[in-house]
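Notes to accompany the following structure.
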Amino acid sequence: MNAFKRASLKLSHAVKHKTLSGGSTEEIVDEALEKRLSEHKAYEEKVKTLQALTLDARAQLGEVFLQIGNAAQCVEQLSDHQLDPASARATLGLPPEPGDDPKADEQTFLMLLEIADKAKVVGGAMQEAFHGAFGEGLQNALLAPLEQETQAFKDTAKKLEDQHRTAMEARHYREKIVSMNAGKTKNDPEKLARNAGKSAEAERAAADAKKALEDAFAAHDAARLDICCKRVGHLKGMLHRFCELVLTALSMDASMVKLTKGKTELDASNVYGDVNVMSIADRLKKGMGLTERTTPPKRHLKLAHYKAHARTAFTTGKQSGEDKPVDAEEREVDEMTLRFNQSTEQLQNLLKTTEDVAKWYESGFRGMVAVAGELPAFASDSDPSERTAAVLTFHATLEEVSAALAEQFLGPFQSSVIEPLKQGLEEYRDTTQMLQDRKAKKMERDHYQAKLENLEREKVEKDSLEKTTVKQKQELADRLTRNRTKAFETAEEAKQATKEVRDRLRAYSKFARGQCQAVGDALVPLQRDFYVAFAEKVVKGLALDPDATPVDQRAADKLKDLMARGLAVPNAGMTTDRGAAAAFQMRQPTGPPKTPEESLAGKAPLSAGETERVRDFMVAETSKPPDQLPPAPLPPPATEEKVLPPGMMEVVGTFDFAADQPGDLGFKAGDVILTDAAAFAAAGDSGGWVSGELNGKQGSFPSNYCAPK
Numbered sequence: 000m001n002a003f004k005r006a007s008l009k010l011s012h013a014v015k016h017k018t019l020s021g022g023s024t025e026e027i028v029d030e031a032l033e034k035r036l037s038e039h040k041a042y043e044e045k046v047k048t049l050q051a052l053t054l055d056a057r058a059q060l061g062e063v064f065l066q067i068g069n070a071a072q073c074v075e076q077l078s079d080h081q082l083d084p085a086s087a088r089a090t091l092g093l094p095p096e097p098g099d100d101p102k103a104d105e106q107t108f109l110m111l112l113e114i115a116d117k118a119k120v121v122g123g124a125m126q127e128a129f130h131g132a133f134g135e136g137l138q139n140a141l142l143a144p145l146e147q148e149t150q151a152f153k154d155t156a157k158k159l160e161d162q163h164r165t166a167m168e169a170r171h172y173r174e175k176i177v178s179m180n181a182g183k184t185k186n187d188p189e190k191l192a193r194n195a196g197k198s199a200e201a202e203r204a205a206a207d208a209k210k211a212l213e214d215a216f217a218a219h220d221a222a223r224l225d226i227c228c229k230r231v232g233h234l235k236g237m238l239h240r241f242c243e244l245v246l247t248a249l250s251m252d253a254s255m256v257k258l259t260k261g262k263t264e265l266d267a268s269n270v271y272g273d274v275n276v277m278s279i280a281d282r283l284k285k286g287m288g289l290t291e292r293t294t295p296p297k298r299h300l301k302l303a304h305y306k307a308h309a310r311t312a313f314t315t316g317k318q319s320g321e322d323k324p325v326d327a328e329e330r331e332v333d334e335m336t337l338r339f340n341q342s343t344e345q346l347q348n349l350l351k352t353t354e355d356v357a358k359w360y361e362s363g364f365r366g367m368v369a370v371a372g373e374l375p376a377f378a379s380d381s382d383p384s385e386r387t388a389a390v391l392t393f394h395a396t397l398e399e400v401s402a403a404l405a406e407q408f409l410g411p412f413q414s415s416v417i418e419p420l421k422q423g424l425e426e427y428r429d430t431t432q433m434l435q436d437r438k439a440k441k442m443e444r445d446h447y448q449a450k451l452e453n454l455e456r457e458k459v460e461k462d463s464l465e466k467t468t469v470k471q472k473q474e475l476a477d478r479l480t481r482n483r484t485k486a487f488e489t490a491e492e493a494k495q496a497t498k499e500v501r502d503r504l505r506a507y508s509k510f511a512r513g514q515c516q517a518v519g520d521a522l523v524p525l526q527r528d529f530y531v532a533f534a535e536k537v538v539k540g541l542a543l544d545p546d547a548t549p550v551d552q553r554a555a556d557k558l559k560d561l562m563a564r565g566l567a568v569p570n571a572g573m574t575t576d577r578g579a580a581a582a583f584q585m586r587q588p589t590g591p592p593k594t595p596e597e598s599l600a601g602k603a604p605l606s607a608g609e610t611e612r613v614r615d616f617m618v619a620e621t622s623k624p625p626d627q628l629p630p631a632p633l634p635p636p637a638t639e640e641k642v643l644p645p646g647m648m649e650v651v652g653t654f655d656f657a658a659d660q661p662g663d664l665g666f667k668a669g670d671v672i673l674t675d676a677a678a679f680a681a682a683g684d685s686g687g688w689v690s691g692e693l694n695g696k697q698g699s700f701p702s703n704y705c706a707p708k
């Protein structure tokens, strides 16, 4: 409570009891209470700081996953051949050049489409993983209790006012009774009794207010201990769920991408807050329109042309190039120019998006480290030592994760994606000037062609007139000769400029496709490398608390199993190797429910030698190339005609499976599920995890809960 509030309460008390010109002027000082208030104020500042840091970190990490989706959209747009300058010739129906390879170009675009589909599906799955595990998890684990504490601070402030007011009331009546006993009023027992009753009532109110304030402080102490200790356990569970879901998303195989690509919806905005707030200077600049005062390039060209041909520019009539058929090369380059402008804009968007991914990844994880760094400040000497040690371990682990981010993702992503894209755009920056120069030379060519046509018409007219002198005819012939030469020279210059532009745009086209492929190829593997390192540190350093929820425990078990099998390792090629992808799906679930007889008649445990042989077999199976995987079983004859997508099959649920974790596909016995035939065959009866679709919903489920239809 600040000094102004204290003075206000004191004034209200004085007005109530008419003691403005008298009464005690000494402050009521309770040293124990003042010390407690000082500690409470510091604690309140810590809560507000932690809340602000947490909201900021979540918004920044939310921006990461938004930009991952935006990058996928940029790759998807760039994979369209309508944005590729080199494909203009085929689109216009022109015959291919001798060095062209239409089949290779077609294969390139098919490959780019696959890359774009994967980037989109994986990006959407990562966004869902972040929202379901991190965004919501951070809200439940930390932000919700912090918001409750913020509200509790307001209630405590009111109780503090009540305590101060009732303490002044009790003091007032104590002093009044002392004064009455010392004066003439001591002989008035009724007045003394009446004020004694008021004094007793004021003392009870003061005691109740003090007790309420002490209870509020005790509640804050419990909340502080909860934030420092128990909430860290919730945060650890959140990180286990997040890593397991993100690694599942980053390890999708081609069949899952094919199954979900038409149903993936990417985020349109960052629901956790805007991190790209425009500065006041930029807003003023935009409002004043300073960036729009320059003359457009097209107008520059026309002004330069009219200035160079001031005498004839308005007398040559319609340009000959506008009413004559344009040759194939001109048509191709004109179409390539339009595509170049669109493609350049998309590449610039892609560059900004990839830079934002790196920037907000770094900033977001730094923010989470700052959040973890604030948690030890909530610890007290009276807290359990193992709990406070867990807080320090949590902070140290996130420091290691932040370092792994720089090593596993930010550095390689900067060198393999951002820098080549930035250097390439800078290298092809002069292409715009080349296009402007070509346009200027075309205008010169068209001008002299039109001028030459006018002179030839003038020569025909003058030759038909008898009054035309020999000198006039000679002058006109000389002008014709000069303009024929000029028309030829400008036509050759325009032709050469067109050829140079075409070669430049073809080279740019190769660069643009290469960058599109580079982003699509690097975004998933590099993130997988980082999240594998992230998961390793979570598994080793952030073991769940004994009171962890079943959902957190199951996610931790899946993550441990995934890491123990060595299936989610950096550069394992999981996104392209069907063998590794199928092996990833062979995570062991709990299995179908067993009968009492099956439970009692459990199999004898494997010996050490048998266990080693099984492990060797699993490693060998994991490393098999795709062509050595078990062939997909042929689907049985259906009772009614139904065309399934290539490589897909239907399975029937034999047991009920409850989806108790995001990413699981729940079903009832008898439900028909669409899944990948090869993945289901690879899982077999051992109970591996496979992906499937039921009633428009996709997710993973254990294969031993189903049977082929």
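FYI, numbering that gives the first Met the number 0 numbers position 413 of the sequence shown as 412, with every residue one higher than the one before it.
Glycine included, C-beta positions come from ideal geometry on N, C-alpha and C.
Since the structure is predicted, the reported quantities are computational estimates derived from the model, not experimental observations.
Within 10 Å of its beta-carbon, does residue i have 16 or more other beta-carbons around it, so buried, or fewer, so exposed?
i           : result
residue 512 : buried
residue 659 : exposed
residue 352 : buried
residue 635 : For residue 635, the predicted model reports a pLDDT of 47, less than 50, meaning its position is unreliable; a value from the coordinates is still stated below. The residue in question, residue 635, is exposed, as its Cβ has fewer than 16 Cβ neighbours within 10 Å.
residue 619 : Per-residue confidence for residue 619 stands at a pLDDT of 44, beneath the threshold of 50, marking its modelled position as unreliable; no derived number is given.
residue 549 : exposed
residue 643 : exposed
residue 706 : exposed
residue 612 : Annotation note: pLDDT 43 at residue 612 (below 50); position unreliable, no value reported.
residue 82  : buried
residue 717 : Outside the modelled stretch of the chain, which goes from 0 to 708, sits residue 717, for which no answer is possible.
residue 336 : buried
residue 149 : exposed
residue 469 : exposed
residue 526 : buried
residue 554 : buried
residue 701 : buried
residue 594 : Legend: pLDDT at residue 594 = 39, less than 50; position of this residue unreliable, value from coordinates given subsequently. Exposed is the call here.
residue 91  : exposed
Hey, would you say the C-beta of residue i is under 7 Å away from at least one heavy atom of the ligand SAH?
i           : result
residue 135 : As presented, the structure is devoid of all ligands, the ligand SAH included, so that no description of it is given.
Identify the residues that DSSP records as bridge partners of residue i: which are they?
i           : result
residue 707 : 650
residue 669 : Note: residue 669 sits in no beta bridge, so no partner.
residue 691 : 674 and 698
residue 663 : 699
residue 656 : 666
List the whole-angstrom C-beta distance separating residue i from residue j, where the pair is believed to meet the contact cut-off of C-beta under 8 Å.
i           : j           : result
residue 269 : residue 65  : 5 Å
residue 412 : residue 521 : 7 Å
residue 56  : residue 356 : At roughly 16 Å, the Cβ-Cβ gap does not stay under 8 Å, so residue 56 and residue 356 are not in contact.
residue 266 : residue 126 : 5 Å
residue 117 : residue 523 : 7 Å
residue 696 : residue 650 : Rounded, the Cβ-Cβ distance is 15 Å, inconsistent with contact.
residue 654 : residue 668 : 6 Å
residue 363 : residue 59  : 4 Å
residue 709 : residue 437 : In the structure displayed, the chain extends from 0 to 708; residue 709 sits before or after that span and is not available.
residue 123 : residue 263 : 4 Å
residue 88  : residue 95  : 7 Å
Does the Cβ-Cβ distance between residue i and residue j come in under 8 Å?
i           : j           : result
residue 271 : residue 134 : yes
residue 735 : residue 201 : Coverage of the chain is limited to positions 0 through 708, which leaves residue 735 absent and any answer about it impossible.
residue 227 : residue 377 : yes
residue 690 : residue 258 : yes
residue 75  : residue 115 : yes
residue 339 : residue 84  : yes
residue 420 : residue 350 : yes
residue 256 : residue 120 : yes
residue 416 : residue 397 : no
With a threshold of 8 Å between beta-carbons, can residue i be considered close to chain D, or not?
i           : result
residue 425 : Going by chain labels, chain D is absent from the structure shown, which holds only one protein chain.
Check your understanding: How about the stretch 158 to 171 and the stretch 107 to 119: do they share at least three Cβ pairs that are nearer than 8 Å?
Key -> no
Check your understanding: Does the stretch 237 to 255 touch the stretch 526 to 538, meaning 3 or more C-beta pairs lie closer than 8 Å?
Key -> yes
Practice item. Specify whether the stretch 129 to 147 and the stretch 230 to 245 touch according to this definition: at least 3 beta carbon pairs, one from each stretch, less than 8 Å apart. Key: yes
Review point. Are three or more beta carbon pairs between the stretch 481 to 490 and the stretch 442 to 458 nearer than 8 Å?
Key: yes
Check your understanding: Are three or more beta carbon pairs between the stretch 401 to 412 and the stretch 473 to 482 nearer than 8 Å?
Key -> no
Review point. Between the stretch 31 to 47 and the stretch 207 to 221, are three or more C-beta pairs nearer than 8 Å?
Key: yes
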